[in-house]
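**Q**
In the numbering used here, the protein residues as written are -10 to 886.
1) Over the uninterrupted beta strand (DSSP E) stretch that includes residue 327, give me the two end residues.
2) Residues bridged to residue 530 by DSSP?
3) What whole-angstrom Cβ distance do residue 337 and residue 324 have, given they're in contact under 8 Å?
4) Do you know offhand how far residue 480's Cα is from residue 417's?
5) Based on DSSP bridge pairs, tell me the residues matched to residue 542.
6) Given a cut-off of 7 Å, decide if residue 817 and residue 774 are closer than it, judged by their beta-carbon atoms.
7) Let's test the definition: count the other Cβ atoms within 10 Å of the Cβ of residue 61 and tell me whether it reaches 16, buried, or not, exposed.
8) Going by DSSP, what residues sit across from residue 586 in a beta bridge?
9) Would DSSP call residue 631 helix, strand or coil?
10) From residue 846 to residue 632, what does the alpha carbon distance come to, in whole angstroms?
11) So for residue 597, helix, strand or coil by DSSP?
12) Less than 7 Å between C-beta atoms, sequence neighbours within five positions excluded: which residues of the same chain meet that for residue 887?
13) What residue range is occupied by the uninterrupted alpha helix (DSSP H) comprising residue 128?
14) Could you check if residue 2 is buried or exposed, using at least 16 other CB atoms within 10 Å of its CB as the buried criterion?
15) Indicate whether residue 46 and residue 0 have their beta-carbon atoms separated by less than 7 Å.
16) Do residue 536 and residue 529 come within 7 Å of each other at the CB atom, strictly closer than that value?
17) Within the continuous beta strand (DSSP E) that includes residue 167, where are the two ends?
18) Just checking my contact of residue 493 with residue 503 at CB under 8 Å: how many whole Å lie between their CB atoms?
19) For my contact list, residue 48 and residue 75 are in at a C-beta cut-off of 8 Å; report their separation, rounded to the angstrom.
20) Which residues mark the beginning and the end of the beta strand (DSSP E) in which residue 199 is found?
21) With 16 as the cutoff for other CB atoms within 10 Å, does residue 790 come out buried or exposed?
22) Return the bridge partner residues of residue 259 from the DSSP annotation.
23) Just to confirm the assignment, what range does the alpha helix (DSSP H) spanning residue 83 have?
24) Excluding five sequence neighbours on each side, which residues of the same chain lie with their C-beta closer than 8 Å to the C-beta of residue 239?
25) Measure from the alpha carbon of residue 147 to the alpha carbon of each residue in 237, 300, 263, then state which is nearest.
26) Which same chain residues, not among the five before or five after residue 250, have their C-beta less than 6 Å away from its C-beta?
27) By Cβ distance, which residues of its chain are closer than 7 Å to residue 331, with the 5 residues on each side in sequence left out?
28) Look up residue 866 in the DSSP assignment and say whether it is helix, strand or coil.
29) By how many angstroms is the C-alpha of residue 653 removed from the C-alpha of residue 582?
30) When DSSP labels each residue in this structure, what does residue 861 get in the three-state scheme?
31) Looking only at DSSP bridge pairs, what is residue 666 linked to?
32) Write down the C-beta distance between residue 351 and residue 390 rounded to the nearest angstrom, noting that I regard them as a contact closer than 8 Å.
33) Under 7 Å between the Cβ atoms of residue 779 and residue 865?
34) Can you round the beta-carbon distance between residue 900 and residue 167 to whole angstroms, since I take them to be within the 8 Å contact cut?
35) Buried or exposed for residue 567, going by 16 or more other Cβ atoms inside 10 Å?
36) Three-state secondary structure (DSSP) at residue 564?
Have a look at this one:
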């Protein structure tokens, strides 16, 4: 049955509404397919054309704004093939010519008479039908091209994924389609999920959901096509009520119509194909038919590919099974054979020939294989074979064969009679080389014998149980440790839970003993060296290991008495606890396991805190990077002695000497470290170095400064002896006096290097005045501005001031003024002499350094050492008057100040 002709929608453009009404009535009366829409001017006509679908435009020439020819030109820019008829009462040949050049479809004048509307109707029908015919022909060509491309792709495709990709790609690229996708029913979520997409609007699927059953989401064309197995078309997405859940999103993507095509072949559903077009009514009868046929072709291609994949899989499986059979024969040294009793023929596989040492293509005679068996085993195999033939009795024997090369092998020979109507017609069987297996069995027997003896004689108690908690193995030592009645052989197969009930009363905490066993069995967590206390005071150590046995899971328990060991350990810990040095025990990479009280006292941590600390927590940051290296040295060499720096809980740091040894602590490898605070030893070493330095300084002075005046004195005495002049003796006395002065200064320098004795409050002003009187200072002047009191060794402090005063007078001149004053954290001694050049301010404190004036260079060195002995900081600067200023800071004062 032919498809009914669609209506013809005409846009009539005329500024005369009365004539417009007349034309509508006349045309619609002529043909009920006509539907006439009107516009009063060209601008309104263009708006109407932009909003709707029209089959034809009929326009007057004379219009307000733009005339009919201008409207024609505007329409042709966007609708080049839309029929346009100029129907005017003001026509002329000039207008007609211009209209034809502009692409008008037809030109008619509004002549009076009834036939004018009939003529117009005929012209409209002819123009519309011609355009529709051309469009249908173009659509048919387009569809045929699409179908051809899809069919070519289906023929080439080898997988479902290739089919999906090619179909979606070809359809989405064909006008008027914009987007295509293929989906499947996801039975777990009852939704239709895409498996392939193509087109410019792929994001559409990520913003929608399509249900297969129930609710509004299951009423759309996709679910209906899949559910009812029928092609479903939506010609106008903007109007179709079933498209409500997805309408807004679809229109935003430019979709105006769609088709959902089920992909079904021979009751097998391969999914659903969706195609979206950019215009309404894109799917006419011809297109729907072709899409339906295309769906069947796609489904058939899926079926073909599935069959090819299934056949390929079956071929692969067959080849794999054949290969596996060959490999199984080779790996298992197993060959198959068959004897046809009625035909008296025989056959065996290549592996049988290998076992007998024959060529692989050897063709045997019936029963020939028996002659390859060991002479002592031929009769048993012959009798078994005859029983299989005569009585239908299968056999399974382990015998020896001797191959063609004379090598003896053990084989397992099996035979199975095949009966037809109660009569044995064939005997089929296998022969397997079990030479290695027999050797392993013998080895296993020997191993079992050794292990059994080992378990019997172990000093530990052993218990092995299976998954059902039945006893598999135990030994006499376990019976002795737990005072159990009976013997190991008597409890094999017994219930371990019952044994626990029998022995738990011997333990200090019976309930805990039983509960812990149940916990370990349940968790299957390995445990080492758990200590158990018996009611009689003994101590046992228990270890547990989960086992994987051939017949299932199992459990291994090891019990060892460690009463004596624990007593020795307690004695050792008592010794370590009483040591003055800090003692630590830690694992190779774990926290401290033991610390003594000396460690807690010195480092300021509680014993419990040490339990979460490691050696790295004690070392200062600069030394922490060496901790792992030192532990590695101890574990590999056995012992290691080194020095490092530790810190306490308060942040105090101090030098230590660590004597580390590798030990076993509570059954586990560990490191024992004895840590000694070497602060005093370091201080003594520093003092010794300082004393040695002073000795070197003395030697330097003696070798130079002291030798010179003595040499002068010696020379002068010789001259006095030769000449008798006493003037030389006076000069010699000056040299000797200079030497005595040097000796006195060197003794002072030696004493200056010693530590300060107990400090006492010293009034700075009083001591300065006293010291000034003990130094040859005339006519120099002393000014004391200091009013404070300092804590110092009075004798050493006096020596410091006297040397500073003497230095000021020697280098500042007779008229120098020396000032002693207070600083916020110390005091100063300044003069108004020549001062000390900035370049020499650091060197003046060196032993033996002296300026251009006379001096032995020892005075300021003595000052430096006395200041150091008190812990004072000494600096030299320029005084306010340009002389030298010596500042002492970090000076302690009595609490009252």
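All C-beta atoms in this analysis are idealised placements derived from N, C-alpha and C, irrespective of residue type, glycine included.
**A** A quick look at the data gives this:
1) For residue 327, the enclosing beta strand (DSSP E) begins and ends at 323 to 329.
2) DSSP lists 520, 549 as partners of residue 530.
3) In this structure residue 337 touches residue 324 by the C-beta definition: roughly 6 Å separates them, less than 8 Å.
4) Residue 480 and residue 417: Cα-Cα distance of roughly 46 Å.
5) Residue 542 pairs with 537.
6) When the beta-carbon positions are compared, residue 774 and residue 817 stay at least 7 Å from each other.
7) Flag for residue 61 reads buried.
8) Per DSSP, none; premise fails for residue 586.
9) Strand.
10) Here residue 846 scores only 49 on pLDDT, less than 50, and its place in the model should not be relied on; the value that follows carries that caveat. In a straight line, the C-alpha of residue 846 is about 39 Å away from that of residue 632.
11) In the three-state reduction of the DSSP assignment, residue 597 falls in the helix class, which pools H, G and I.
12) For residue 887 there is no data in the structure shown, the boundaries of the chain being -10 and 886.
13) It spans 104 to 145 - the alpha helix (DSSP H) in which residue 128 sits, taken as one unbroken run.
14) Looking at its Cβ environment, which holds 16 or more other Cβ atoms inside 10 Å, residue 2 is buried.
15) Yes, they are a contact pair.
16) No, the Cβ-Cβ distance between residue 529 and residue 536 is not below 7 Å.
17) Unbroken beta strand (DSSP E) run through residue 167: 166 to 175.
18) Residue 493 to residue 503, Cβ: 5 Å. Contact.
19) Rounded to the nearest angstrom, the Cβ distance from residue 48 to residue 75 is 6 Å, consistent with a contact under 8 Å.
20) No beta strand (DSSP E) contains residue 199, which DSSP labels as neither H nor E.
21) With 16 or more other Cβ atoms within 10 Å, it is buried.
22) Answer is none; residue 259 lacks a bridge partner.
23) Bounds of the alpha helix (DSSP H) holding residue 83 are 82 to 90.
24) Cβ neighbours of residue 239 beyond the five flanking positions: 193, 226, 232, 247, 265.
25) Per the C-alpha coordinates, the member of 237, 300, 263 positioned closest to residue 147 is 300.
26) 220, 262, 280, 284, listed in sequence order.
27) 414.
28) Looking at residue 866 - three-state DSSP - the assignment turns out to be strand.
29) For the pair residue 582 and residue 653, the Cα-to-Cα distance works out to about 12 Å.
30) The three-state secondary structure of residue 861, taken from DSSP, is coil.
31) 645, per the DSSP bridge assignment.
32) Going by Cβ atoms, the distance from residue 351 to residue 390 rounds to 15 Å, so no, they are not a contact pair.
33) The answer is no: Cβ separation not under 7 Å.
34) Residue 900 is absent from the model: the chain starts at -10 and stops at 886.
35) Answer is exposed; the Cβ neighbour count stays below 16.
36) Here residue 564 sits in helix by DSSP.
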